[in-house]
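K.L.:
2 protein chains.
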Amino acid sequence: MAEAKITPRSEDYAQWYQDVIAHAELAEQAGVVKGCMVIRPHGYAIWEKMQQDLDRRFKATGHKNACFPLLIPMSFIAKEAEHVDGFAPELAIVTHAGGKELEEPYCIRPTSETIIGHFFSKWISSHRDLPMLINQWANVMRWELRTRIFLRTGEFLWQEGHTAHATHADAREEVYRMLDVYADFAREVMAMPTIRGVKTANERFAGAVETTCIEAFMQDGKALQAGTSHDLGQNFGKAFDVQFQDAEGKRDYVWQTSWGVSTRLVGALIMTHSDDDGLVLPPKMAPIHVAIVPIYRKDDERAAVLAAANKIAAELRDDGLVVEIDDREGMKPGAKYYEWERKGVPLRIEIGPRDLEAGTVMTKLRIAETDANGKPKKDVVPMEGIGVTVGRMLDDFQQALYDRALALREANTVSVDTWAEFEAVFADGASKFVWAHWDGTTETELAIKDATKATIRCIPLDGEGPAPQAGACIRTGKPSAQRVLFAKNY
Amino acid sequence: MAEAKITPRSEDYAQWYQDVIAHAELAEQAGVVKGCMVIRPHGYAIWEKMQQDLDRRFKATGHKNACFPLLIPMSFIAKEAEHVDGFAPELAIVTHAGGKELEEPYCIRPTSETIIGHFFSKWISSHRDLPMLINQWANVMRWELRTRIFLRTGEFLWQEGHTAHATHADAREEVYRMLDVYADFAREVMAMPTIRGVKTANERFAGAVETTCIEAFMQDGKALQAGTSHDLGQNFGKAFDVQFQDAEGKRDYVWQTSWGVSTRLVGALIMTHSDDDGLVLPPKMAPIHVAIVPIYRKDDERAAVLAAANKIAAELRDDGLVVEIDDREGMKPGAKYYEWERKGVPLRIEIGPRDLEAGTVMTKLRIAETDANGKPKKDVVPMEGIGVTVGRMLDDFQQALYDRALALREANTVSVDTWAEFEAVFADGASKFVWAHWDGTTETELAIKDATKATIRCIPLDGEGPAPQAGACIRTGKPSAQRVLFAKNY
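Residue numbers (our numbering), protein chains in the order written: chain F, 1 to 490; chain Z, 1001 to 1490.
(1) Going along the chain, which unbroken runs of the beta strand (DSSP E) with 3 or more residues stay wholly within the stretch 313–390 of chain F?
(2) What are the boundary residues of the alpha helix (DSSP H) that residue 1237/Z is part of?
(3) Quick one, which residues of the stretch 208–241 of chain F are near chain Z if we go by CB-CB under 9 Å, in chain order?
(4) Closest Cβ-Cβ distance between residue 176/F and chain Z: below 8 Å?
(5) Whole angstroms is fine: what's the gap from residue 1002/Z's alpha carbon to residue 251/F's?
(6) Smallest Cα separation from residue 1275/Z: which of 1220/Z, 1314/Z, 1462/Z and 1156/Z?
(7) Alpha helix (DSSP H) containing residue 185/F: first to last residue?
(8) By the three-class DSSP mapping on this structure, what secondary structure does residue 5/F have?
(9) DSSP state of residue 1289/Z, grouped into three classes?
(10) Can you give me the C-alpha to C-alpha distance between residue 1271/Z and residue 1218/Z, rounded to a whole angstrom?
(11) Less than 6 Å between C-beta atoms, sequence neighbours within five positions excluded: which residues of the same chain meet that for residue 17/F?
(12) From the DSSP output, in three-state form, read off residue 277/F for me.
(13) Identify whether residue 192/F lies in helix, strand or coil by the three-state DSSP scheme.
(14) Where residue 1435/Z and residue 1227/Z are concerned, what is the direct C-alpha to C-alpha distance, given to the nearest angstrom?
(15) Could you spell out where the beta strand (DSSP E) holding residue 41/F opens and where it closes?
(16) So, with DSSP's three-state summary, where would you put residue 202/F?
(17) Using a threshold of 7 Å, is the CB atom of residue 432/F nearer than that to any non-hydrogen atom of the ligand GDP?
(18) Indicate whether at least one CB of chain F lies closer than 8 Å to the CB of residue 1051/Z.
(19) Cα separation between residue 1181/Z and residue 1260/Z?
(20) Under a Cβ-count criterion, where at least 16 other Cβ atoms within 10 Å of its own Cβ denotes burial, should residue 154/F be classed as buried or exposed?
(21) Could you tell me whether the Cβ atoms of residue 1342/Z and residue 1278/Z are closer together than 8 Å?
(22) Under 9 Å Cβ-Cβ, which residues of chain F neighbour residue 1312/Z?
(23) Between which two residues does the beta strand (DSSP E) holding residue 1029/Z run?
(24) Quick one: is residue 1066/Z near chain F, going by C-beta distance under 8 Å?
(25) How close, in whole Å, do the beta carbons of residue 1282/Z and residue 1273/Z come, if the pair is a contact with beta carbons under 8 Å?
(26) For residue 414/F, does the count of other Cβ atoms within 10 angstroms reach 16, so buried, or fall short, so exposed?
(27) Tell me whether residue 1052/Z is buried or exposed, calling it buried when 16 or more other Cβ atoms sit within 10 Å of its Cβ.
(28) Within 8 Å of any Cβ in chain F, is that where the Cβ of residue 1093/Z sits?
(29) Going by the CB atoms, is the gap between residue 237/F and residue 255/F shorter than 8 Å?
(30) Taking the C-alpha atoms as reference points, what is the distance between residue 216/F and residue 45/F?
(31) Give the interface partners of residue 1058/Z over in chain F, defined as CB-CB distance under 7 Å, in chain order.
(32) Are the CB atoms of residue 40/F and residue 54/F within a distance shorter than 8 Å?
(33) Hey, could you find the ends of the beta strand (DSSP E) residue 1100/Z is sitting in?
(34) For residue 15/F, count the other beta carbons within 10 Å of its own beta carbon; 16 or more makes it buried, fewer makes it exposed. Which is it?
(35) Please classify residue 121/F: is it buried, with 16 or more other beta-carbons within 10 angstroms of its beta-carbon, or exposed?
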């Protein structure tokens, strides 16, 4: 592994993605369990950081965590007509348990609207029980034909928010509140710009009346749906008889929402920031912030250099940073640099005998500007006050990654008005973010997909795309009220 | 629910346990999924506190979290002979997925030694890869005939540590390190005393060469196995061909351990501390530390009282406490007291107009000494410096609960030397902790169980039971090196 090279993006983007994951030891295909993955410690640590930050945001918006059964009676899935059509083909089915064939088989949850609807019907009877704001961190299973690590796997980890409200207006407010939570998290923590929008009817969650989403731009020009927030209307309320009595004594079905993000966010993070040298992590997503590589030849140098490294590490740890001192013997500094770079550690500190004399260290950000000789720039930083300096460098790096990702997206976003131009953008496997007019029909949407493999990622919310302006559909020439976002997608 | 009463322990202990859970809204039987439960927000918040504290302890001892597949190929389970015998009867089997019958069925993991053994064989090749110290937070499934909420459920949540070492001595050190982590956690956080010991061959984990455990005393005199730590020897290493090369180039199988605690700890917590008024939580396990109940009659009183309540809450929150101000309208203070008591909130603060004048509040611990009139004692506490006072009260309460649990266990622990006496202790459904001599054979162990329903909970570690002293087996009169712990068990 240490000897193998990461395939450059320009050569084979899909292989590059797999190589980045393998070299950073983030995860691997399970192999023995079809379409499933093993998330290794470095990958799981990134997911844990996502969980911690999101969980804080969910609790700050009034949600409480709970845990519902993994197994769902098959009859439940069938209760909401669109839901069963959407999910039945992907289910994994338990037919035997405890040495016997089951009277009614269970499926492993592909999502939990149905079983949670069942319990909401037991827990909700009055408007005083509303809103009910629940979240679950769980594993779910969707038996997909084509899988890709983190992006689409048979089993994946996620959170699923499920809420019930007294009015449709309350539910819609919740849908957009949580969409904003996701967009804020992506921007502030993942350094990943997203576009908030509404899905077309064709791309809607099975059972929802409206699906909203955040769409992120990947380096190959494709879009990745990074989170969804659904207005379920009263569909599941009616399917599971979740009724409440309002203050006037009138009974009605609750209005529900659901919203989720999953371990596919780890894939989105990789494809937003990483480069041909491997994983790149924004500091707020990095399980290790700083790797210190001590440099020495003789034993007495070793002791002094390690003492200084420990002193610096202690100061940085006091500031809440996770620091690794790489004191492995029998390994050259260059090999260590290479390894920490591939693992995405944002900042490396090199410290040797000459640095000790000068009272400085050498620092190298994971992505650095090049110097006059075309080599990645290293900075000389005084040991005095290093905590403040490193803190500032990491803050700046976090922001720089966001700016870089946004700039790349903007450079690959076009407004297109002719079909020829549209086809050209998506020719030969290419993709960009394309703002174009569409006549609003599923028929046209599918015709465009058939012709180009590009799909409508979303109808942007106000301010997320070009200012709404009427035009003519790129494909049919029929009237269109606004441009929508097209791209190939993961 | 609010009207129903909690069944007293003396009347029906099993019903009391269920009532405590229902009244505190901790969890409920799923019903529609056989033997499974739904963990409701208040119960899940307790589990989250357990997770956070344990996860910190695991990481501090060098372990990293990862995530392995939920599904395990059936052929894997069969690779370790004792393992398959132990677990096969309890498996839930997935036979169909993605609309097709599977060529090889999967089981839902009952535990993950097998699948993790498979990946260890891919990841471990050299002594430099050891020790490998992995933990997984996961759901597992064991199809049990008789289930009891939290204590024994078809699906449960747990953590499973899995480690590989170069020598048996290293592995055994790990086994006992993690047993101590569990015992420390139980004592320091759950305020629950435990006895550390070794299981008899008959009670050993299927596939282990030795199983160690912590055993806790429940209020009905029964024992609850609260955590286990297994020495797996080279059994799984051989079954999954996990070999490494040592520094001299010699190849050998790794020595493995596994260790786990589960949501059954929530059941243990309930049965250690709760009383006929409902749930009792040690402060370190309480999702809500303090409930403030404002008391007023008129509107102007309301504003002043709520302002003071908010000021106190802010001060306590600054100290890291979770505080609820119960300002619900149309509900009498007494009903509020009742509800917070049933939910196990350690401290209640009452504040009314007269308290405002005096610059004091009334406090009531969840379990309070009784005053001269036989009523639970309330304390008058000055608002000035209330953060310090409340912090001290909660610390003292944490310690008092531990002392109380230990005293109850000691009062119900006996050393017994005759069979008649032994039978008498366990007659009519009763149980105590009994130290008695045993001849070391499975035959005698089972004969004692048949006669009394009491089982050997553990052979105590040094210092955990009476000083080792030879004697005669309670049942057969044959020689015994030391007394072992007998009790009925959950």
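No residue lacks a Cβ here, since even glycine has one placed at the ideal position from N, Cα and C.
The structure presented is a predicted model; accordingly, all values stated were derived computationally and were not measured.
P.N.:
Result, derived from the coordinates:
(1) 323–325, 347–351, 360–365 and 379–382
(2) 1235–1239
(3) none
(4) no
(5) Reliability fails at residue 1002/Z, whose pLDDT of 47 lies under 50, so the model's placement of it is uncertain and the value that follows must be treated cautiously. Roughly 22 Å between the two C-alpha positions.
(6) 1220/Z
(7) 168–188
(8) coil
(9) coil
(10) 6 Å
(11) none
(12) coil
(13) coil
(14) 21 Å
(15) Here residue 41/F belongs to no beta strand (DSSP E); instead the alpha helix (DSSP H) covers 41–60.
(16) helix
(17) No copy of the ligand GDP occurs in the structure displayed, which carries no ligand at all.
(18) no
(19) 11 Å
(20) buried
(21) yes
(22) Those do not exist, as residue 1312/Z stays about 22 Å from chain F at its closest Cβ, beyond 9 Å.
(23) 1027–1029
(24) yes
(25) 7 Å
(26) exposed
(27) exposed
(28) yes
(29) yes
(30) 22 Å
(31) None at all; the shortest Cβ gap to chain F is about 12 Å.
(32) no
(33) 1100–1108
(34) exposed
(35) buried
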